[in-house]
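Peer 1:
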Amino acid sequence: MNRRRRRAVTAAVLAAVVLAGCAPAVQNGATVSIAVVPAPASLQPAEGAPFRLESASVTGEADAVATLSALVAARSGIDLAADGEGPAIDLRIERGGAAESYRLTADEASVVVTGADAAGLFYGVQSLGQLVQPSGDGWIIPAVEIDDAPRFAYRGVMLDVARHFHSVDTVKGYIDRAAGLKLNALHLHLSDDQGWRIHLASRPELTELASSTAVGGDEGGFYTKDDYREIVEHAASRHMIVVPEIDMPGHTHAVGLAYPELVEEPVITDHIRETARDYGGELPVKGTPYDGMAVGFSSLKIHDEATYDFVADVFGELAGMTPGPYLHLGGDEALGTPEEDFALFVSRASTIIADLGKTPIAWHEAGSAADLADSTIGQYWGYVQPTDGMDEKARGFVRNGAQLILSPADAIYLDMKYPTGPELGLTWANGPTSVQRAYDWEPSDVVEGIEESDILGVEAPMWAETIRTAADIDTMAFPRIAAAAEAAWSPATGDSDLRTWESFRTRVGTLGPLWTSLGIGFHPSGEIPWVTE
Ligand code: ACM
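Counted from 1, the sequence shown has number 55 at position 55 by our numbering; the numbering is strictly sequential.
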């Protein structure tokens, strides 16, 4: 297309540019929208015509060039490297800004993304990928100015690979998907009553004797040390850390398959019997693999020094395998452990981790313990409106001088059923959980009496009792994972016009074609006005 004709087309396109967060408009056959998820700190449609991608060239940091080229090729079929004679896209690092921040400017002549660091540049490229859109007979990036930086340092997803095992490829795929929404932590729930999923040279019996089973009699599995390294390295290439969790002192039935001397007899309550009745499976029997869905019956022996040798071996080896700063000790639903014993255990386990030079993380129950290692981060999994004193337990970590990760279960537990849609998922966390419920909460309003600076971040867990495949993960996570990403990255609700459900649902709707082009099998929720091309 010659320059004059392109001007005429782009002028028409520009007239159709709609303000951020509003529905796409159609004018003169051109549909243009400026929609980024999670919502940037600042986004302004710019003066001038859009940038046309046909024959564009791209220069700059090699990793960013490769990431953008892959996104543009998937979305539009355009091979940026092959064309390369037209207007330029420049992707570079300019130090000095806040960690993970970036600036993106696009106009008719050029697109420039500058990241304050490699992560910031990566996130700028992800925003740019979301802006690529068809227009008339070609592909454009609207004229825009974005200045963006994360609200919270920790932005996570959790994958439960214990209730059902998920392969290295599935985990790598989830890393790619989460990183595309500017999430930067993958928490792996590596052990539970149903299986142990990580090989440790110091305790090889764990994977030899306790890894082959999963919920419902399904096949188990485990990661070798090479597998784990591959996951950690892939995550790092997407600017994510891996947070390994070994859940203790409850959720440890599988440990007893390898080391019966370390675990107590299962505590069978009415709740355990009801779960077996409602969801199937046998009652737990010490020394026999457990493939049901009940929680809260198992416990490590708290007053036996061999237990702490085990804890030291496991976390010592994991510390050496994990470059990220955190090791997660679990601590949830230890209903088979007397309260005082629980406090003693989490205090000793958190101290073992802190002495390894790592920062412990524990689910919020551990916040009630008096002598937790000072640095221990709490992970709150109660509801958006706290019940049963869960917020008080969470405040314990803050009183101790540490921060909280927020994972409100009735909003961002991604394995809760949708109101309509796939049969997958559970409902125990006040489900079914709509996309709107996943979105409509504000991190600073959950635990009363804490400051913004007391919040390390937000994490969306995916428990896997019913989640067997990569396709199951996609359909349960997408689009609700985008709501969690927005809570983690974007300005607080009230601080940005974009932080409303109406804006979010419209912006997410524009991502449908990109997600499809990337092979993400999202749930086409009727709550979202999906764009189709
Ligand atoms: C949890 O949902 N038990 C952390």
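Quick reminder that beta carbons are idealized off the backbone N, C-alpha and C, glycines included. It should be emphasised that the depicted structure is a prediction, and the values quoted were computed from it without experimental measurement.
Could you check where the beta strand (DSSP E) with residue 111 kicks off and where it finishes?
Peer 2: If you number the sequence shown from 1, residue 111 lands on position 111. That run of the beta strand (DSSP E) goes 110 to 115.
Peer 1: Examine the ligand SAH and report whether any of its heavy atoms sits within less than 8 angstroms of the Cβ of residue 233.
Peer 2: For the ligand SAH, the structure offers nothing, since it holds only the ligand ACM.
Peer 1: With residue 230 as the anchor, note down where its alpha helix (DSSP H) starts and where it stops.
Peer 2: To locate residue 230, count along the sequence shown from 1; it is residue 230. It spans 225 to 237 - the alpha helix (DSSP H) in which residue 230 sits, taken as one unbroken run.
Peer 1: Would you say the beta carbon of residue 193 is closer than 8 angstroms to some non-hydrogen atom of the ligand ACM?
Peer 2: Position 193 of the sequence shown holds residue 193. Residue 193 Cβ: outside cutoff for every heavy atom of the ligand ACM.
Peer 1: Is it buried or exposed, residue 427, if we count other Cβ atoms within 10 angstroms and call 16 or more buried?
Peer 2: Indexing the sequence shown from 1 puts residue 427 at position 427. Per the 10 Å Cβ criterion, exposed.
Peer 1: Take residue 403 and list the residues in its own chain whose beta-carbon comes closer than 6 angstroms to its own, dropping the five residues that flank it on each side.
Peer 2: Within the sequence shown, the letter at position 403 stands for residue 403. Taking C-beta separations shorter than 6 angstroms and ignoring five residues to either side along the sequence, the partners of residue 403 in its chain run 377, 454 and 456, following chain order.
Peer 1: Residue 459 lies in the beta strand (DSSP E); which residues open and close that run?
Peer 2: What you label residue 459 is simply residue 459 of the sequence shown in a count that begins at 1. Its beta strand (DSSP E) spans residues 455 to 462.
Peer 1: State the CB to CB distance for the pair residue 138 and residue 52, rounded to an integer number of angstroms; the pair is presumed to be in contact (CB under 8 angstroms).
Peer 2: The residue given as residue 138 occupies position 138 in the sequence shown. The residue given as residue 52 occupies position 52 in the sequence shown. The Cβ separation is near 6 angstroms, so the contact holds.
Peer 1: With a threshold of 8 angstroms, establish whether the CB of residue 413 neighbours any heavy atom of the ligand ACM.
Peer 2: On the sequence shown, residue 413 is found 413 positions in, with the first residue counted as 1. Yes, the beta carbon of residue 413 sits closer than 8 angstroms to at least one heavy atom of the ligand ACM.
Peer 1: Check the C-beta distance from residue 296 over to residue 336 and give it rounded, since I have them as a contact under 8 angstroms.
Peer 2: Locating residue 296 in the sequence shown gives position 296, counting from the first residue. Locating residue 336 in the sequence shown gives position 336, counting from the first residue. Rounded, the Cβ-Cβ distance is 6 angstroms, consistent with contact.
Peer 1: If you follow the beta strand (DSSP E) that residue 139 is part of, which residue opens it and which one closes it?
Peer 2: In the sequence shown, counting from the first residue as 1, residue 139 sits at position 139. Counting along the chain, the beta strand (DSSP E) containing residue 139 begins and ends at 138 to 141.
Peer 1: What is the DSSP secondary structure of residue 189, reduced to helix, strand or coil?
Peer 2: Residue 189 sits at position 189 when you count from the first residue of the sequence shown. Strand, per DSSP.
Peer 1: With a cut-off of 8 angstroms, do at least 3 Cβ pairs link the segment 258 to 275 to the segment 347 to 359?
Peer 2: Contact between the segment 258 to 275 and the segment 347 to 359 is absent, because fewer than three Cβ pairs lie under 8 angstroms.
Peer 1: Can you give the Cα-Cα distance for residue 87 and residue 440, rounded to whole angstroms?
Peer 2: Working through the sequence shown from its first residue, we reach residue 87 at position 87. Working through the sequence shown from its first residue, we reach residue 440 at position 440. Residue 87 and residue 440: Cα-Cα distance of roughly 41 angstroms.
Peer 1: Do residue 409 and the ligand ACM come close, with the Cβ less than 8 angstroms from some heavy atom?
Peer 2: As a first step, residue 409 must be located in the sequence shown, where it is residue number 409. Yes - the ligand ACM has a heavy atom lying nearer than 8 angstroms to the Cβ of residue 409.
Peer 1: In chain order, which continuous runs of the beta strand (DSSP E) of length 3 or greater are located wholly inside the segment 355 to 427?
Peer 2: 359 to 363, 377 to 380 and 404 to 406
Peer 1: Pull up the distance between the alpha-carbon of residue 331 and that of residue 393, whole angstroms please.
Peer 2: On the sequence shown, position 331 is the one that residue 331 refers to. On the sequence shown, position 393 is the one that residue 393 refers to. When rounded, the distance between both Cα atoms is 12 angstroms.
Peer 1: With DSSP collapsed to three states, give me the class of residue 23.
Peer 2: In the sequence shown, counting from the first residue as 1, residue 23 sits at position 23. Model confidence at residue 23 stands at a pLDDT of 37, short of 50, so the residue's coordinates are unreliable; what they give is reported in the following sentence. Residue 23 sits in coil when the DSSP states are folded into three classes, being neither helix nor strand.
Peer 1: If we ignore side chains and look at the alpha-carbon of each, how far apart do residue 265 and residue 252 end up?
Peer 2: For the purposes of this step, residue 265 is taken as residue 265 along the sequence shown, with counting starting at 1. For the purposes of this step, residue 252 is taken as residue 252 along the sequence shown, with counting starting at 1. Cα to Cα, residue 265 sits roughly 11 angstroms from residue 252.
Peer 1: Which residues share a DSSP beta bridge with residue 533?
Peer 2: Along the sequence shown, one-based indexing puts residue 533 at 533. BP columns for residue 533 are empty, so no partner.
Peer 1: Can at least three beta-carbon pairs, one atom from the segment 55 to 69 and one from the segment 499 to 512, be found at a separation below 8 angstroms?
Peer 2: no
Peer 1: For residue 196, which of helix, strand or coil comes out of DSSP?
Peer 2: By 1-based counting over the sequence shown, the position of residue 196 is 196. Three-state DSSP puts residue 196 in a strand.
Peer 1: Take every Cβ of the segment 252 to 261, pair it with every Cβ of the segment 167 to 183, and state whether three or more of those distances are shorter than 8 angstroms.
Peer 2: no
Peer 1: Sorted by chain position, which residues of the same chain lie with C-beta nearer than 7 angstroms to residue 163's C-beta, five sequence neighbours on each side aside?
Peer 2: For the purposes of this step, residue 163 is taken as the residue at position 163 of the sequence shown. Hits under 7 angstroms: 192, 194, 214, 215, 463, 464 and 465.
Peer 1: In whole angstroms, what is the alpha-carbon distance linking residue 517 and residue 224?
Peer 2: Residue numbering aside, residue 517 sits at position 517 when the sequence shown is read from its first letter. Residue numbering aside, residue 224 sits at position 224 when the sequence shown is read from its first letter. Residue 517 and residue 224: Cα-Cα distance of roughly 32 angstroms.
Peer 1: For residue 528, which residues in the same chain have their Cβ closer than 7 angstroms to its Cβ, ignoring the five residues on either side in sequence?
Peer 2: In the sequence shown, the residue the question calls residue 528 occupies position 528. These residues qualify, in order along the chain: 435, 479, 505, 508 and 509.
Peer 1: Please classify residue 493 as buried or exposed, where buried requires at least 16 neighbouring CB atoms within 10 angstroms.
Peer 2: Taking the sequence shown and counting its residues from 1, the one referred to as residue 493 is at position 493. Residue 493 comes out buried.
Peer 1: Taking residue 520 as the reference, which of 80, 301, 176 and 165 has the closest Cα?
Peer 2: Within the sequence shown, residue 520 is the residue found at index 520, counting from 1. Nearest of 80, 301, 176 and 165 to residue 520, Cα basis: 176.
Peer 1: May I ask you to list the residues that DSSP assigns as paired with residue 245?
Peer 2: As a first step, residue 245 is located in the sequence shown; it is residue number 245 there, counting from the start. In DSSP, residue 245 forms a bridge with 189 and 328.
Peer 1: Per DSSP, what kind of secondary structure is residue 473 in: helix, strand or coil?
Peer 2: Walking along the sequence shown from the start, residue 473 turns up at place 473. It is helical.
Peer 1: Return the chain-ordered list of same chain residues with a C-beta closer than 7 angstroms to the C-beta of residue 112, the five sequence neighbours on each side being excluded.
Peer 2: Within the sequence shown, residue 112 is the residue found at index 112, counting from 1. If we look at residue 112 and ignore the five residues flanking it on each side, its Cβ neighbours are 90 and 105.
Peer 1: Using 8 angstroms as the cut-off, classify the Cβ of residue 332 as near or not near the heavy atoms of the ligand ACM, replying yes or no.
Peer 2: If you number the sequence shown from 1, residue 332 lands on position 332. The answer is yes for residue 332.
Peer 1: Quick check: what's the CA-CA separation for residue 374 versus residue 496?
Peer 2: The residue given as residue 374 occupies position 374 in the sequence shown. The residue given as residue 496 occupies position 496 in the sequence shown. A straight line joining the alpha-carbon of residue 374 with that of residue 496 spans about 35 angstroms.
Peer 1: Would you call the CB atoms of residue 69 and residue 133 closer than 9 angstroms?
Peer 2: The residue given as residue 69 occupies position 69 in the sequence shown. The residue given as residue 133 occupies position 133 in the sequence shown. No; because the gap between Cβ atoms is not below 9 angstroms, this pair is not in contact.
Peer 1: Does residue 213 come out as helix, strand or coil in the three-state DSSP assignment?
Peer 2: Within the sequence shown, numbered from 1, the residue matching residue 213 stands at position 213. It is a strand residue.
Peer 1: Please name the residue, chosen from 372, 415, 136 and 369, that lies closest to residue 461 on a Cα-to-Cα basis.
Peer 2: Your numbering for residue 461 matches position 461 in the sequence shown. Closest by alpha carbon: 415.
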